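Position one of the sequence shown corresponds to residue 136 (the working numbering), numbered consecutively onward. The next block holds one structure in the form of structure tokens; read it before the comments.
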Amino acid sequence: MARYTGPVCRLCRRDGMKLFLKGTRCDTPKCGIERRDTPPGQQQSRRGKLTDYGVHLREKQKVKHYYGVLERQFRKYYQRAEATKGNTGDVLMSLLERRLDNVVHRLGFGLSRSAARQLVCHGHVTVNGKRCDISSYLVQVGDVIRVKNRSKSLDLAKGHMAENSRQTPDFLSVTGSDVPEGIVGRLPASDDVSIPVQTQLIVELCSR
């Protein structure tokens, strides 16, 4: 599985906003963008204003960094959104929000999407009672995402839930105390995305 393995604080500084790629650390003074809010690299003063293309590209890169997907994956999501009825940008964000690693993170079982992706890939999560280790699996309405009922899985998930301070989005609901589980009540909408995204810029760039 291809993934970005470089310093994630660099991505937040490049996009100029917190992407919460390190979980609760992003809420502390140790956050990279809190310590240095300038873009990474040397001689920043020589860089001029972003071009129109640069503005569009930065918006797409921000979404890719936020959900932890690479270019080929992102293109597939865009092509699927383009072939679906409705606003292409809203459908695209809904598809990304439906990724299993994102849902596990939004439920609080993982402090960050990378931590949630690790939980999924290591088999600590089930979907409708069946083991699912595919982080890109797209959840459906009514799906039940549950932590495996074994000590190691429960310790990991409950440890993350104890540290998590963010609210669960409206399209998800958390149930179960002994064995944490979540239910997908509806498909996510553009309002459920927790960072500001100008989807029109992404659509204009990808449709060129």
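The beta-carbon is built from N, C-alpha and C at its ideal position, and this holds for glycine as well. Just so it is clear, the structure is predicted and the values come from calculations on it, not from any experiment.
Just how far apart, CA to CA, sit ARG193 and GLY294? In the sequence shown, the residue the question calls residue 193 occupies position 58. In the sequence shown, the residue the question calls residue 294 occupies position 159. Near 34 Å, if we compare the C-alpha coordinates of GLY294 and ARG193.
Express the C-alpha separation of GLY258 and ARG248 in angstroms, rounding to a whole number. On the sequence shown, position 113 is the one that residue 248 refers to. On the sequence shown, position 123 is the one that residue 258 refers to. Spanning the two alpha carbons is a distance of roughly 15 Å.
Beta-bridge pairing of THR310 - partner residues as DSSP gives them: Counting from one through the sequence shown, the residue named residue 310 turns up at place 175. Beta-bridge analysis with DSSP links THR310 to GLU316.
On the three-state DSSP scale, how would you describe VAL274? The residue you call residue 274 lines up with position 139 of the sequence shown. Three-state DSSP puts VAL274 in coil, outside helix and strand.
Using 8 Å as the threshold, is the segment 259-278 in touch with the segment 228-242, meaning 3 or more CB pairs across them? With three or more CB-CB distances shorter than 8 Å, the segment 259-278 counts as touching the segment 228-242.
Output needed for SER325: all residues of its chain with C-beta closer than 6 Å, excluding positions within five of it in sequence on either side, in chain order. Sequence index remark: in the sequence shown, residue 325 carries index 190 (1-based). Contacts found: ASP225, MET228.
Would you mind stating whether GLY316 and VAL338 have Cβ atoms separated by less than 8 Å? Locating residue 316 in the sequence shown gives position 181, counting from the first residue. Locating residue 338 in the sequence shown gives position 203, counting from the first residue. Looking at the sequence provided, one finds Glu at residue 316 rather than Gly. Cβ distance not < 8 Å, so GLU316 and VAL338 don't count as in contact.
For the alpha helix (DSSP H) that VAL238 lies in, which residues bound it at each end? As a first step, residue 238 is located in the sequence shown; it is residue number 103 there, counting from the start. For VAL238, the enclosing alpha helix (DSSP H) stretches over residues 235-241.
Determine whether the beta carbon atoms of VAL332 and VAL204 lie at a separation below 8 Å. The residue labelled residue 332 in the question sits at position 197 within the sequence shown. The residue labelled residue 204 in the question sits at position 69 within the sequence shown. No, Cβ-Cβ distance for VAL332 and VAL204 is not below 8 Å.
Candidates LEU185, TYR213, HIS200, GLY243, of which the one nearest ARG343 by Cα: The count along the sequence shown starts at 1 and reaches residue 343 at position 208. The shortest Cα separation from ARG343 among LEU185, TYR213, HIS200, GLY243 belongs to TYR213.
Whole angstroms is fine: what's the gap from VAL262's alpha carbon to ALA250's? Looking up residue 262 in the sequence shown gives position 127. Looking up residue 250 in the sequence shown gives position 115. Here the alpha carbon of VAL262 sits roughly 18 Å from the alpha carbon of ALA250.
Ordered along the chain, which non-local residues of its own chain (more than five positions away) have a Cβ less than 7 Å from that of GLY221? Numbered from its first residue, the sequence shown carries residue 221 at position 86. Answer for GLY221: no residue qualifies.
Identify whether VAL279 lies in helix, strand or coil by the three-state DSSP scheme. Reading the sequence shown from its first residue, position 144 is the one you call residue 279. DSSP places VAL279 in strand when its eight states are reduced to three.
If you draw a straight line from the C-alpha of LYS265 to the C-alpha of LEU289, how long is it? Residue numbering aside, residue 265 sits at position 130 when the sequence shown is read from its first letter. Residue numbering aside, residue 289 sits at position 154 when the sequence shown is read from its first letter. Rounded to the nearest whole angstrom, the CA to CA distance from LYS265 to LEU289 is 16 Å.
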